[in-house]
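Protein chains in written order, with the numbering used here: chain A, 1 to 341; chain B, 1001 to 1341; chain C, 2001 to 2341; chain D, 3001 to 3341; chain E, 4001 to 4341; chain F, 5001 to 5341. Ideal Cβ placement from N, Cα and C applies to all residues, glycine included.
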């Protein structure tokens, strides 16, 4: 039987039952009872890109074993997978066994394809940052990647809506940088150094809202994120890196043009304004072309990713029509097929 | 004394009085009286990119001559120009004389720089359209340029907000196509043919809302625009071209993939959804990635142009800070200066 | 046991269990399992005005037969019907059998009372259209009824909210025309010909959003409806009829007053503006008294029908008080009883 | 020279200067100075349907006399009237004289045409009320007309938007009753007695917000209106009439069906809910069909009157297009001309 | 086994199963069937501050007895209580028995702690009212407490959001008065008499929306509340008390300053404006400092109570973080612990 | 002739012309021309609490002298002051002279009454801060007052709406602290130390948005304020003070309860959430009782101050009724007079 990821199983199950093996971390094991007072155990399971729930009934041979699992456990689940219209992905006729240390290590690394893609994206970000001309912005970006790069590579771009997977923020950031680099020549007045640095830092506060641990796939709630919000955390992070670097480079930066304090304020502005409007949580509205461009580049990539994901997860309503997936504004319709001679 | 455009004068007058000559069309000549019962004549004047108001007092030597002007008249206005904080651009110590036929023809052609830029943009649009692979979309775009190209090149992209000048729609359309071509490789699933055709047609209804006559600079109100709105006019225009072409090419288009009716519907969708949300007048929300991409590309270019224009026309509040220019969301701040070694 | 419609059963079941027979089309037969892994089959059932869901457990004698049903099947369901507070109408102790061809034909015709009412409404529309004085509007309306009358008579006025049944659009349209004819003498300036034609066409785009097939009761989703929305489809339909008729009547229509193009634009305006405000999907706001009147007549009839339907379907909260049924703005209260001497 | 009303002058002045006489009340005489320190006197003038401002310069022969005027003065103003695009209607080369007692009495009665129309409307209301079958609602309506009829006939329907003239509320109420009587047969379930009573009382609180004095045309601000709003005042007025009548008719009303308390509550509901939604100031949303019908009938008549008024007062933007007049949602377009053979 | 209240059980059950006895009123006993056609009986149970649902399966020994219960029954429920994440509080291994008359009387009195607290609050209100200096406002408040005090003490402050228990309105009112008395010295211009009377009456219409019967804990829906809303009911109640008192005190109140009618209008204003904005159902916005102060004092106390309640009932998301409880605007975070040396 | 402040003059002028002397700083002297081409000079004048505009015509004896003034000049203006309905406060028959150094110093100190009030408020803040029990919050508050106290005392609470005068922030902060101290005993769970510190810092970002210079009364626009907004500036300021103090007190703070990082986060939360909702610019919504209390205390004091100011500056509409002063929600009505025996 094939070893598949949860996402691969979910896609296949759109067309009927799938027999497969899957490697997952146990997120939680909660004892429950049905309304009819039948006890069962609810397992939360996760891999690098997806999650599912497994209900273990008290008459299942693995009931006792499963009830004892914790988030330190990594298991192989083998069975027949179905897509239930109300409850989502479900397993039947299943068995479990613990992963070997090698399997667990492989699982934590994530699927090869994802790993390769995120490696490419991560390298691209590093190269792009290296090419920033303004020494202050370049130093700041590099310091961030040095100090926080690991955590950055474990962070999702959002809790639900888009790129909601370990490393999703790296993918989103790299794609935004690519757009910026493509568009910049069309608007020669844009300060590209600033725009690229703004892209790198715009969601860096999410390292405390949507990061995942080194040895697991659980995105927990964080009091710092709740009390400050990722925009304010991002501002604080930049300020803290900036303070250190400007102390170290006091002499070198003193007479640069534009003045360093201007650079700092404009970069903070790009972070603070990137949600575009107060009702979406921006403490300030975009007041420079760079801030406005960043806002639209962010939205463009996020929405296109939502379409890509929606086509595989949204409930079909009719041929080529899918149910709305918020925050998209309406139902989804399949793209027009490309003309091919 | 220098011959300048109204926009050039407006920019110079930000730094104090300007002595200059300007060539303009008379839009209107309205007899008025002040509250103190002093009669005067109010001239509306326009050139290719801008407009101003000239008040002619009854004791001015040209009062009688000016009172007789109509929108058939083209004049040179020579004088000292000031920026009045409440009333905008004003002329003092001025004289007028009719333009020669050659001067009038030159004026109607617009400034050389603008002409060159719009020529480049117009040619770029034609080449881009030629490279569309889907024969139906290509034929439709070319038919539009053939049949309506002249009117297209005389149309503004908006009444006020951005590219509000003769030919502004060509500039906006070309720039959107450039963005689309740059971005497309980053999103291989996008149907670029459809996206480009959607860009060409997205505002084509404005040929009846914001077009200017061949021999003048006046953008009037149009009953068709009022009763239908530019989105519905655009849908109708595409349908009318499509009907003709699909009759002529019935045989050739019969078995193409994707089917022609699909192509038509998706193109209409891009037009109908390009404002993004119902509250901005879209009868349908974006339901495909191409429609979503078009919406953001449209906004991105429009907003960046609003910044560019705002920096020269908005009221300064302090060094590098300008008063809000709607529909931008707040005050404007000057871009961070680029680092230059 | 009585043969009843689904709506009749639903109403009776508000007062307790009902034993009855009902004739329905099978919309769908979906194999499912409960959370406890018990397989069952879910049948979607529909008649002319209503729909219900029947769960067939695997130990039911008809389980196998029911699992094989398709939307080509028409059945009689006999049993005891209950109103479940969470799951709605449910059947117990039931049996099924296929309908005879005569029974199926009778079912497809709909209940006699509904048929008679819709026949009256349909005739009234035809007569009203005949009495339109403007030859262009009259010809257009008649052409629509000739060409699309059958589909029109199979279309619902909405998917959920009001008149959501086959022929519901005919009922809604006729009632709106009656209101218009009653109100018109009170506002002598209104162009009644235009208002009546606008009423006929205002929702004609729904022939592609909410129509039902000739031999069934299923309202499916339609890509054209999704991509264009019913307002734009309606504009296109009128344009297409208009083009044909104005070619055929070119001579006769040439010198009529008002000019034919004015007539066309004002009619399109009534369609485009009938939702009243952009946030409800109108690409243009009402700019003439006829457009404004149409908007309010549409709402008045729709809301009163929502009350009528709500009184029989909404969940009672207390005597004479019912739970909110969207889009009504709050709970429903029973009308004040009429005084009767 | 013709004696005209202010409205007649305003309409004529759309086509150029008008020489005329007009009879008006002085609302106020305020001493002012121009920015250039020239003193002048500003007279507020009003007749039955309209108002204007007259500036009296210090070198005008009537300056001293005009400065002494109060709201006890009624004058004839003779002169040449112009429409100033910014300041509205203006008079030049004018003279004034006091009205004779006969002229003043005639002015206070209002123009004959308006008087006749409002007499018709007032009589129609009385007859309609007489025909209400429920004895409680009929008695209540008649008590209102007896006790408050004079004030009712002096009240405007609004401060600005529609029927903003003495007696405007009578015109609006009568027209709403006519609509209700026409529509009622189409919705047999409607309680027409309740609907008619609701129409009579829905704006009765405006007798304290928008009433005019017996001997003048000034609509002042009222502390009661400010502190309570016209809906709450209306509820209080109905309650106060009801209390008196139900005491007097305790015996006769005791056993009527429906119970009197139900009648009272439903009538109060129609008043409280007639603005339709909380954001427009309704303390409760419409929860019965009668309340919903009243809401739409109110809006329908108000909006159609706004169009009728707007066509004569709104600023023309082009042939058949007029500038927006709030609260209408967009520009106004002239109605389609009626077909006339 | 301990006798606990429902709220005490709910709190304890956050940390695991609780064995306890609880005394409750039966609100309703509804026969139901599961989807699998198994009959059961659903009991609604309530005590002074809380409510729960008990499902009685047909194989439970008490099934028959429970099915016969009505809202006249008061029972002791003994068992093991669990917090089910989806269905809330549940009982297992339970037994029931009827309460003795003494137990029932004790239950109806509510828990001693609550009773003591509400007694304190009620006394505080009476004392505060006694100290009002304006004889009209003092008389009005005292008349209200005399005539409606019992019902007042049985009324909740809201159906769900805050103080949603018998007597909750007394607690909320007393706390608002305390705030007003504390704040008043800081704003010497405030009319404290008016503010205190406004606080007493601001929600008095809830005596008909959210009151509970003398011998039970059920808050039903009321037609008067639906048709009028609590604000209008409150206005009517004050008017009716005022009428009686001002008749009785006609002589004494005649020449007081400020005039009695001013006092009445300002008090009504405080009631009408206390929701602050039309979209929250206020027929008038706050136009005096007292109305504005009342609005904020009301909100301040309501929101702080929502936090206090939310900390014990909201679903925990992580340590010290709780899920959003509407109408609070976001998740809840535990207060910062107080510093304690 | 009396020496008055601008505010005193403005109040007196509501009742007619006032002859007075006033000491002011020149904010600006701008050469202008009227529409009739008459040159004049516009002087912006300001004192501690108010500002006015003086137009100096070219035929005024002081024209030349005034045209040479800069913001380094402080003058006495003597004349007759009028309230112009359109242009506000105006001076006639006026003369000017420079202030002596003593007069200038006195002016810069502000009126004695204001100085005394702000001294009281400033002292109260210092004492309140001293009484904070948590050593970290106390140290932070004291460090702020030490380091930024002077600037704090020169800052307005807002640009326009309330306390828009030098030192207004001190007044607003002190009053909020007083409210907090009064209310705290009523809500024993509140962390008062945190709430007081939150009040001190909630608007501290305004030291860069609304501060005034030491030697003048001009509130200019600041790029930092534009790019970051006062909330983010406030967060940064607290962080910067915190870093310094926590380095200095590393040992002493190490084992305190609650942990210092919790204290820091909760304080930042109070600043970030004090606008209450995202649409008013808060990057995070209030998630603790302290944050919610701060939000309402802030609003309560601000609104009551708006009423106090509005009564003296708003345009009267009728006796005791004033025109709306944004952001108050409607017209203002005079408070009910207090009862006085």
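- Item | CA nearest to the CA of residue 115 (chain A), picked from A:91, A:341 and A:154 | As a working note, residue 115 (chain A) is residue 115 in the first chain. Answer by Cα proximity: A:154.
- Message: For a contact defined as C-beta to C-beta under 8 Å, what are the partners of residue 4268 (chain E) on chain D?
- Response: Counted from its first residue, the fifth chain places residue 4268 (chain E) at position 268. Ordered by position in chain D, the residues that pass the 8 Å Cβ test against residue 4268 (chain E) are 3227, 3228 and 3232.
- Could you confirm whether any beta carbon from chain A is found closer than 8 Å to the beta carbon of residue 4054 (chain E)? Taking the first residue of the fifth chain as 1, we reach residue 4054 (chain E) at position 54. No - not a single Cβ of chain A is within 8 Å of the one on residue 4054 (chain E).
- With contact counted as at least three CB pairs below 8 Å, one residue from each stretch, are the stretch 4203-4219 of chain E and the stretch 4154-4169 of chain E in contact? yes
- Item | Cβ neighbour criterion (16 or more within 10 Å) applied to residue 1030 (chain B) | Your numbering for residue 1030 (chain B) matches position 30 in the second chain. It counts as exposed.
- Task: Spatial neighbours of residue 2096 (chain C) within its chain, please: CB distance less than 8 Å, with the 5 preceding and 5 following residues excluded, ordered by chain position.
- Result: As a working mapping, residue 2096 (chain C) is identified with position 96 in the third chain. Answer for residue 2096 (chain C): 2062, 2065, 2066, 2075, 2076, 2077 and 2078, listed in chain order.
- So, is the C-beta of residue 943 (chain B) closer than 8 Å to a C-beta in chain F? The structure shown does not extend to residue 943 (chain B), since chain B is modelled only from 1001 through 1341, so no value can be given for it.
- Evaluate the contact criterion for the stretch 5119-5138 of chain F versus the stretch 5183-5203 of chain F: three or more CB pairs, one atom per stretch, below 8 Å. yes
- Message: Tell me which residues share the same chain as residue 2055 (chain C) and place their Cβ nearer than 7 Å to its Cβ, disregarding the 5 neighbours each side in the sequence.
- Response: Translated into the one-based positions of the third chain, residue 2055 (chain C) becomes position 55. So the list reads 2040 and 2042, once near-sequence residues are dropped.
- Query: With which residues is residue 3078 (chain D) paired in a DSSP beta bridge?
  - Reply: Along the fourth chain, read from residue 1 onward, the residue named residue 3078 (chain D) stands at position 78. Paired residues: D:3021 and D:3095.
- Query: Between the stretch 4321-4333 of chain E and chain A, which residues of the former have CB atoms less than 7 Å from a CB of the latter, in chain order?
  - Reply: 4321, 4331 and 4333
- Query: Quick one, which residues of the stretch 1187-1208 of chain B are near chain A if we go by CB-CB under 7 Å, in chain order?
  - Reply: 1187, 1189, 1191, 1193 and 1194
- Query: Counting only runs that start and end within the stretch 1216-1291 of chain B, where is the beta strand (DSSP E) found for 3 or more residues in a row?
  - Reply: none
- Message: Check for me: the beta strand (DSSP E) holding residue 3208 (chain D) runs from which residue to which?
- Response: As a first step, residue 3208 (chain D) must be located in the fourth chain, where it is residue number 208. No beta strand (DSSP E) holds residue 3208 (chain D); DSSP gives it neither H nor E.
- Message: Could you tell me the alpha carbon to alpha carbon distance between residue 3236 (chain D) and residue 4305 (chain E), rounded to whole angstroms?
- Response: On the fourth chain, position 236 is the one that residue 3236 (chain D) refers to. On the fifth chain, position 305 is the one that residue 4305 (chain E) refers to. Taking the straight line joining both Cα atoms gives about 34 Å.
- Task: Identify the contact partners of residue 1037 (chain B) in chain D, using a Cβ-Cβ distance below 7 Å as the criterion.
- Result: As a first step, residue 1037 (chain B) is located in the second chain; it is residue number 37 there, counting from the start. Here the neighbours are 3092.
- residue 3334 (chain D) by DSSP, collapsed to three states: which one? Residue numbering aside, residue 3334 (chain D) sits at position 334 when the fourth chain is read from its first letter. In the structure shown, residue 3334 (chain D) sits in coil (DSSP, three-state: anything other than H, G, I, E or B).
- Are the C-beta atoms of residue 4103 (chain E) and some chain C residue less than 8 Å apart? By 1-based counting over the fifth chain, the position of residue 4103 (chain E) is 103. Output row for residue 4103 (chain E): interface = no.
- Could you check where the beta strand (DSSP E) with residue 2052 (chain C) kicks off and where it finishes? Here residue 2052 (chain C) refers to the residue found at position 52 of the third chain. Start and end: 2051-2057.
- Message: According to DSSP, simplified to helix, strand and coil, what is residue 2167 (chain C)?
- Response: One-based indexing of the third chain puts residue 2167 (chain C) at position 167. Reduced to three states, the DSSP call for residue 2167 (chain C) is coil.
- Query: When Cβ atoms are compared, which residues of the stretch 161-186 of chain A fall closer than 7 Å to chain B?
  - Reply: 175, 178, 179, 182, 183 and 186
- Cβ of residue 2248 (chain C) within 8 Å of Cβ of residue 2225 (chain C)? Translated into positions along the third chain, residue 2248 (chain C) becomes position 248. Translated into positions along the third chain, residue 2225 (chain C) becomes position 225. Cβ atoms of residue 2248 (chain C) and residue 2225 (chain C): not closer than 8 Å.
- Message: DSSP has residue 5030 (chain F) in a bridge; who is on the other side?
- Response: Locating residue 5030 (chain F) in the sixth chain gives position 30, counting from the first residue. DSSP lists F:5042 as partners of residue 5030 (chain F).
- Task: For residue 1263 (chain B), return the contacting residues in chain A, with the cut-off set at a CB-CB distance below 7 Å.
- Result: Numbered from 1 along the second chain, position 263 holds the residue referred to as residue 1263 (chain B). Result: 336.
- Query: Pick from B:1263, B:1336, B:1297 and B:1269: whose alpha carbon is nearest that of residue 339 (chain A)?
  - Reply: Here residue 339 (chain A) corresponds to residue number 339 of the first chain, with the count starting at 1. Selected option, being the one with the closest Cα: B:1263.
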